Amino acid sequence: MTRVLFLGDVFAGTGRLLVSRRLPGLMADEGLDLALANAENAAGGVGLTPGCARELLDAGLDGLSGGNHTFRHQEVVPLLEADPRVIRPANLPEPCPGRGFTILEARDGRKVGFGNLMGRVYNNQPLDCPFRRAETLIGEMREAGALVTIIDFHAETTSEKISLAHFLDGRLGALLGTHTHVQTSDARILPNGLAFLTDAGMTGPHGSVIGMRPAEVISSFLTGRLHRFKASKDDPCLEGAIVDFDGQGAATSIRTVSLRGLPE
Ligand SMILES: [Fe+2]
Ligand SMILES: [Fe+2]
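In this note's numbering, the protein residues as written are 117 to 380.
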């Protein structure tokens, strides 16, 4: 059995602290073979920098995926090109720096393909079709030797995520949603074996509006003028999912993880 942890959007310093303080214990207690996370909000709540990526990888994460905020900081570009453990959405228009999937070796020696896609509903970035790109992405991961296949689908709406899950059922190991920062309670195995969760949630400050301090966000809604948002530090909580795969790479179980509080 291969046991994989996937963390929902790691948000700012609070999210990085949660990873460094809780991941080693989780690895041991759960007998994890691989630990992955969406890291598009790791740097101050928006984007990823090489320093923040190093912090998360040093804390024990094996792979980091991205989303709509991935390219916020330009210094991420050389990192994406140099480090195969850090990926960005595969359906960004080519040419695009970095890679849309990676092959990682789990503790039990199995090869895990980890891919990343972005949804198009309520997202005004120009993106290739995530459904068609998913099909080629799975083929590329298998061709590169992946037995277990996992895709982080970074998307806004439940309908787009659930549709992609049914579309890929029987062809992919696990489809795990990110981007909303709110964990859903629908972890399940679909009829043809795909492990699915609409949204893995957020590893960060939950006393917030999806990571940011409420005051400035509320002001923006009240006045219609944008205010500069600040990352919250309130109510740290690590959220994600644990998926088990059998020797053929088929998912056998999926459950959500939610660990409140920051241990000393
Ligand atoms: Fe996010
Ligand atoms: Fe996002």
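Where is the CB? At the ideal position from N, CA and C, for every residue including glycine. Just so you know, these numbers come straight off a predicted model, no measurement behind them.
When the options are compared against residue i, the one with the closest alpha-carbon
i           : options               : result
residue 293 : 275, 313, 286 and 279 : 313
residue 329 : 320, 336, 345 and 216 : 345
residue 130 : 370, 361, 374 and 350 : 350
residue 59  : 248, 343 and 161      : The requested residue 59 does not occur in the structure, where the chain is confined to residues 117 to 380.
residue 191 : 214, 178 and 179      : 214
residue 363 : 280, 262, 128 and 240 : 262
residue 254 : 234, 229 and 239      : 229
residue 137 : 146, 297, 166 and 172 : 172
residue 373 : 153, 285 and 186      : 153
residue 306 : 278, 324, 194 and 241 : 278
residue 179 : 217, 367 and 316      : 217
residue 117 : 189, 166, 225 and 188 : 225
residue 316 : 375, 337 and 339      : 375
residue 193 : 181, 177 and 166      : 166
residue 297 : 281, 285, 197 and 324 : 324
residue 132 : 143, 159, 148 and 144 : 159
residue 201 : 189, 177 and 164      : 177
Continuous beta strand (DSSP E) stretch holding residue i: start and end
i           : result
residue 234 : 227-234
residue 179 : 179-181
DSSP beta-bridge partners of residue i
i           : result
residue 121 : 151 and 358
residue 290 : 266 and 311
residue 320 : 353
residue 335 : Note: residue 335 sits in no beta bridge, so no partner.
residue 373 : 356
residue 305 : 311
residue 367 : 361
residue 298 : Partner(s): none; residue 298 has no beta bridge.
residue 158 : Looking at the DSSP assignment, residue 158 forms no beta bridge with any residue, so it has no partner.
residue 381 : This structure does not reach residue 381, given that the chain is present from 117 up to 380, and the question cannot be answered.
residue 347 : 328
Buried versus exposed, by CB contacts within 10 Å (16 or more), residue i
i           : result
residue 334 : exposed
residue 299 : buried
residue 355 : buried
residue 184 : buried
residue 170 : exposed
residue 341 : exposed
residue 236 : buried
residue 245 : exposed
residue 252 : exposed
residue 249 : buried
residue 380 : exposed
residue 146 : exposed
CB-CB length for residue i against residue j, believed under 8 Å
i           : j           : result
residue 232 : residue 205 : 5 Å
residue 150 : residue 222 : 4 Å
residue 219 : residue 260 : 5 Å
residue 295 : residue 270 : 5 Å
residue 207 : residue 327 : Contact flag wrong, Cβ pair sits at about 24 Å.
residue 310 : residue 290 : 7 Å
residue 318 : residue 141 : 19 Å between Cβ atoms; not a contact.
residue 121 : residue 358 : 5 Å
residue 365 : residue 265 : 7 Å
residue 239 : residue 272 : 6 Å
residue 128 : residue 347 : 4 Å
residue 203 : residue 303 : The pair is not a contact, with the Cβ atoms about 23 Å apart (cut-off 8 Å).
residue 104 : residue 119 : This structure does not reach residue 104, given that the chain is present from 117 up to 380, and the question cannot be answered.
Range of the contiguous alpha helix (DSSP H) that encloses residue i
i           : result
residue 216 : Counting along the chain, residue 216 falls outside any alpha helix (DSSP H), and DSSP gives it neither H nor E.
residue 136 : 128-146
residue 249 : 246-259
residue 197 : 192-198
residue 281 : 274-284
residue 167 : 166-174
Proximity test, residue i beta-carbon vs ligand 3 heavy atom, cut-off 8 Å
i           : result
residue 184 : With respect to small molecules bound, the structure shown includes ligand 1 and ligand 2 and not ligand 3.
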